[in-house]
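Engineer: Provided herewith is a single structure, encoded as structure tokens, for subsequent inquiry.
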Amino acid sequence: MKLLYYVSFSLILTLFSVQLAEAKGGCVKGQVQDSLRELPLAGATIRIESTARGANVTKTGEFFISAIPEGNYNLIASMIGYYSTKLSITIKDNDTLTFIISLRPQEIRAATIVVSASKHSQSIQDVPISISVIDAQQLQERNITKIDDALRYIPGVNISRDQVSIRGSSGFALGLGSRVALLLDGFPMLSGDNGDMKFDALPFINVERVEVIKGAGSALYGTGALGGVVSIFTKEPTEKLDVRFRAFGGLFTQPKYDAWKVFNSPPEQYGFDAGILKKIDDFSITVSVGTKYDKSYREFDDSKRWNFYSKLGYSFSTKTILTGFINTAGEDHANWVYWNSLDSATRPPTGTNLNERINSQKLATALELKHFFNEEVFLILRSGIFSTDFHNEGLETGVQAINSAATVFNNEAQLSAKLNRDLFLTSGLNATFNSVESPIYGSPKQRIFSAYTQAEYSGLRHFIVTVGGRFDAEKTDSAERNIQFNPKAGVSYNSPLGIQFRASMGRGFRAPMVGERFAALRFQGITVVPNLRLLPEESWSFEGGMSHEFDWNDSPSSIDISYFQNELFQLVEPIFQINSSAANIKFENITRARIQGAEITFQSFISKIIGLETSLTLMNPRIYQLDIPLAFRSPVLWYTKLYLPLGNGFEVQADYRFIARVEQIDPQITELNSKLNIIPDAEARVANHVVDARLIYNLKDTFNAPITLTLNGKNILDYYYVEILGNLAPIRNISLQVEARW
Amino acid sequence: MKLHTYLLIVSLLIFTSCNGGLEPNNTHSPIGKTYLTGIITYKGGKANWKFAQDSVVAIRVVAFKHYPDSSGILKDILTGNAFFTPTSLAFNVDSSLYSIEIPELPVEIVYIGVAQQYGADLTKQQRVIGVYSITGDNTKPSSIIIERDKLNRADIIVDFENLPPQPF
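See the structure below:
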């Protein structure tokens, strides 16, 4: 019966086609393809407006419409998931017009899901705070291969070496005491002695998503989240084997000033990462390794790094999952601290001991048990350690060794429950034990016990109200005990017009790190003096904002505007005591500061040709008592990203970042230099204008090979600037990268 | 607005807003100060400093335009015949970096020596412990022409057990 049906149908079609071909008029034929991938769009529809004539596009992307009477028409090409295109055509008898029509895909606006804001999955539109997300697709499309590359263009975020400042939270902190918490799959990754971030300890080839919370986050995350939280999530394995390999090699170009040339040939950098992910029945496994060598654009600044990461998972049932990871990394690098002078910015100070090197190891390992009691209640138990160890080698006789070994033992229990249709509760207990062994810090022990809870109520139409708080009790040896309570409250309103409004306030704190309290060393001619009376830094963050997604010229676009105000109390700053021949540093609570600002971000696909993301952050960071600018903060951050698909698998991307000149550096440093010339030309600084660009060639479309080639240019205008005192930031470097995923 | 208009605006913003950024002090041309630089390697490593004769008060690198004579280093410095590292380099180390600003260009440096100050008298208590020699023979010092736009590098090996001839 079916055969008869097909034969009859084919016969009718054939007869009909012959009849059309014999009719008078003109023809239109051509191809329809995806504008980005340039693949045929089988199933697209072509029709001539205001007529009954049309055609379906074949598997090869072709169409043909015949017997069109003479006249002017609009040809409309459409397909579900793509923007329709209209062409004006003029048909004459016996003419055949040929077109290649490209349709641009519509981005499906699935709501972005975030986890960090409330320690459970929720739509970003329901979150009452500013949060930026870089998901797996963006990481891949933008060719982001390092954590600092991921963070560098997030609105309001400023990176100085391994230090992250969110909306002006941090200045120049001598590498001590990050005011932003760092999490890897929910596990804290700030070192136990200096409280700093170790970017090289992160397995970036496995990273699937990066979330950045702006503003105080201590109500959920405790100490360290004074200015915000950076939360990194690794990819979960699936049944499909996922193999990744990435290798790169490149060169720093020679600086244009003769005085800064230190190598006969351009210094090189190269490295590779490889990873494999697979889920087999109830087991899942992730393994990755990586290494990198960087000769550096500066003399005596080379480094070698390696890392190993493995995550194993086992599902006892659909309700109980056990996951464990081990992440270890090592680095050997020359002990570059600051330049010789601006004249000699690529050389260390004369007389530097070239044999001195810093050797560091990091190890993080943790177990996480997740149990779902039912669809609305789940428990997470998490326990693990993060150990860091660094020491210097090749010291001159009589020079004090600078080394430290720290272990943070972190334990957390979190219970989340949907109590009824409108109320979601998240509560937890946290215990942290921090142990340090160091000739410069002694052997202090730090203990922090915490309890937190947060409720989200969605019973009011279009509103979600969030209220929560956290108690922390911190004690470090003979230093005074600190008790902290950090509340938070927020509300989000998803208006019927599609605009989300949000408002929030929260308190943050940061307990002084061991390095700030106990440091006793001589360092580059400066003596650091311990201060056991240091108090925690505290902050209050207030924010109001709105976001909206809309179509602009048929292009999916979004805009986000926010106003923020951060009140900072008892900021820990290094205080210099200077006499004619020596200087002492003591960390003290001194600064009461206020940072007010506004931020706007805009994304679109302009003229359906070029993608644009731009953000502008304006800030007024001031020391409250003195009404002078807060040192080492930029008042303006402007980041812009452009991406232009060229077809045939090629794409050009360009990023530009402008960071206004830091208005104020610490006047003590100026005085220190005038008397002792510790850091020559420390005042040298300019606004940052940096352009990074890349040409990407994806071989998947052309050769069906899962390989991407990228020609990367960092700082392609070879603009010279500093991110921290006495340190010329990386000059232009060009690299070629090969990445394969299958 | 057409694509090229956007590109033009963005390009203008970028290219007009930056002028190259920081540059070496006292220079507004692509040519900055010029340095003689190099690495001093102490043969036998840190352990061989025990063979250093007398005390080690300071270690300096001195570069001479004319071959030094018995009148001493101070005269050469005062007459502009010599350039030197103003502060002492590290000692009791395996190797050390030096850089000397050379203000007169181009100039031929005929003798580069590592000087050990072994007493309080800066002018008289000096001993040459290493010389720049491309042949590796420390009895045959090499010359180097210092020019702009060139990497002027002179690495020196110090062998405490085989000191070069003393020019002073």
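So the sequences go chain by chain: A and B.
If you're matching positions, the first sequence starts at 1 in the working numbering and goes up one per residue.
If you're matching positions, the second sequence starts at 1001 in the working numbering and goes up one per residue.
Quick reminder that beta carbons are idealized off the backbone N, C-alpha and C, glycines included.
Whole-angstrom Cβ separation of B/Val1114 and B/Ile1134, contact assumed at under 8 Å?
Structural biologist: Wrong, their Cβ atoms sit about 16 Å apart, outside the cutoff.
Engineer: What residues in its chain sit with their C-beta under 8 Å from that of A/Gln33, if we drop five residues either side in the sequence?
Structural biologist: Setting aside the 5 residues that flank it on each side, A/Gln33 is surrounded in the same chain by Leu39, Pro40, Leu41, Gly61, Ile100, Ile101, Ser102 and Leu103, each with a C-beta closer than 8 Å to its C-beta; the list follows chain order.
Engineer: Identify the contact partners of A/Asn355 in chain B, using a Cβ-Cβ distance below 7 Å as the criterion.
Structural biologist: Val1093, Asp1094 and Ser1095
Engineer: Could you pull the start and end residues of the alpha helix (DSSP H) that A/Ile515 belongs to?
Structural biologist: As written in the sequence, residue 515 of chain A is Gly, which differs from the Ile given in the question. Element bounds for A/Gly515: Val514 to Phe518.
Engineer: A/Leu220 and A/Gly384 look like a contact to me (Cβ under 8 Å); what is the Cβ gap, rounded to whole Å?
Structural biologist: Not confirmed; about 18 Å, so no contact.
Engineer: Report the residues of the stretch 309-339 of chain A with a CB closer than 8 Å to any CB of chain B, ordered along the chain.
Structural biologist: The stretch 309-339 of chain A vs chain B, Cβ under 8 Å: nothing.
Engineer: On the DSSP bridge assignment, give the partners of A/Arg594 in chain order.
Structural biologist: According to DSSP, A/Arg594 bridges with A/Glu567 and A/Arg622.
Engineer: So which residues of chain A does B/Thr1135 contact, with C-beta pairs closer than 7 Å?
Structural biologist: Residues of chain A passing the Cβ test: none, with the nearest at roughly 20 Å.
Engineer: Bridge partners of A/His755, per DSSP?
Structural biologist: Given that chain A is displayed from residue 1 to residue 742, the structure contains no residue 755 of chain A and the question cannot be resolved.
Engineer: Less than 8 Å between C-beta atoms, sequence neighbours within five positions excluded: which residues of the same chain meet that for A/Arg347?
Structural biologist: Val262, Arg298, Glu299, Phe300, Trp339 and Asn340
Engineer: Which residues share a DSSP beta bridge with A/Arg694?
Structural biologist: A/Gln653 and A/Asn712.
Engineer: Under 7 Å between beta-carbons, which chain A residues line up against B/Ala1090? List them in chain order, please.
Structural biologist: Gly351, Asn353 and Glu396
Engineer: Starting from A/Asp273, follow the alpha helix (DSSP H) in both directions and report where the run begins and ends.
Structural biologist: Element bounds for A/Asp273: not the alpha helix (DSSP H) but the beta strand (DSSP E), Glu268 to Ile280.
Engineer: Counting C-beta neighbours from all protein chains within 10 Å, is the total for A/Glu211 16 or more, i.e. buried, or is it exposed?
Structural biologist: buried
Engineer: At a cut of 8 Å, does the stretch 564-574 of chain A reach the stretch 528-543 of chain A through at least three beta carbon pairs?
Structural biologist: Yes, since at least three Cβ pairs between the stretch 564-574 of chain A and the stretch 528-543 of chain A fall closer than 8 Å, the two stretches touch.
Engineer: Measuring only between beta-carbons, confirm whether A/Arg622 sits less than 8 Å from chain B.
Structural biologist: no
Engineer: Rounded to the nearest angstrom, what separates A/Ala479 and A/Ser218 at their Cα positions?
Structural biologist: So the alpha carbons of these two residues sit roughly 21 Å apart.
Engineer: Reducing DSSP to helix, strand and coil, say where A/Ala23 ends up.
Structural biologist: Here the model assigns A/Ala23 a pLDDT of 48, short of 50, so the residue's position is not dependable, and the following value carries that caveat. Coil, per DSSP.
Engineer: Within 10 angstroms of its Cβ, does A/Pro69 collect 16 or more other Cβ (buried), or is it exposed?
Structural biologist: exposed
Engineer: Determine, using beta carbons only, whether A/Ser450 and A/Gly271 come nearer to each other than 8 Å.
Structural biologist: no
Engineer: Residues of the stretch 670-690 of chain A in Cβ contact with chain B at a cutoff of 9 Å, in chain order, please.
Structural biologist: Within the stretch 670-690 of chain A, the residues whose Cβ lies closer than 9 Å to some Cβ of chain B are Asp681, Ala684, Arg685, Val686, Ala687, Asn688, His689 and Val690, listed in chain order.
Engineer: Check the C-beta distance from A/Ser562 over to A/Glu549 and give it rounded, since I have them as a contact under 8 Å.
Structural biologist: The Cβ separation is near 16 Å, so there is no contact.
Engineer: Is the beta carbon of A/Val229 within less than 7 Å of some heavy atom of the ligand MN?
Structural biologist: No copy of the ligand MN occurs in the structure displayed, which carries no ligand at all.
Engineer: Please report the residue range of the alpha helix (DSSP H) in which A/Lys700 lies.
Structural biologist: Run containing A/Lys700: Leu699 to Phe703, per the alpha helix (DSSP H) assignment.
Engineer: What does B/Gly1020 touch in chain A if you count any residue whose Cβ is under 7 Å from its own?
Structural biologist: Tyr719 and Tyr720
Engineer: A/Asp551 versus chain B: which residues are under 8 Å apart at the beta carbon?
Structural biologist: Neighbours of A/Asp551 on chain B: none; closest Cβ ~17 Å, over 8 Å.
Engineer: Would you mind sorting A/Arg661 into buried or exposed? The rule is 16 or more other CB atoms within 10 Å of its CB.
Structural biologist: exposed
Engineer: How would you call A/Val243, buried or exposed, if buried means at least 16 neighbouring beta carbons within 10 angstroms?
Structural biologist: exposed
Engineer: Using the DSSP secondary-structure output, state which residues sit across from A/Ile147 in a beta bridge.
Structural biologist: Its beta-bridge partners do not exist; DSSP assigns none.
Engineer: For a cutoff of 8 Å on Cβ pairs, would you count B/Ile1039 as touching chain A?
Structural biologist: yes
Engineer: Can you tell me where the alpha helix (DSSP H) holding B/Leu1074 begins and where it ends?
Structural biologist: Ile1073 to Leu1078
Engineer: Could you check what DSSP says for A/Ser404 in three-state terms: helix, strand or coil?
Structural biologist: strand
Engineer: Please list, in chain order, the chain B residues whose beta carbon lies closer than 9 Å to that of A/Arg209.
Structural biologist: Ordered by position in chain B, no residue passes the 9 Å Cβ test against A/Arg209, which lies about 29 Å from the chain.
Engineer: Taking A/Ser218 as part of the alpha helix (DSSP H), name the residues at either end of that continuous run.
Structural biologist: Ser218 to Tyr221
Engineer: By DSSP, does A/Gly545 sit in helix, in strand, or in coil?
Structural biologist: strand
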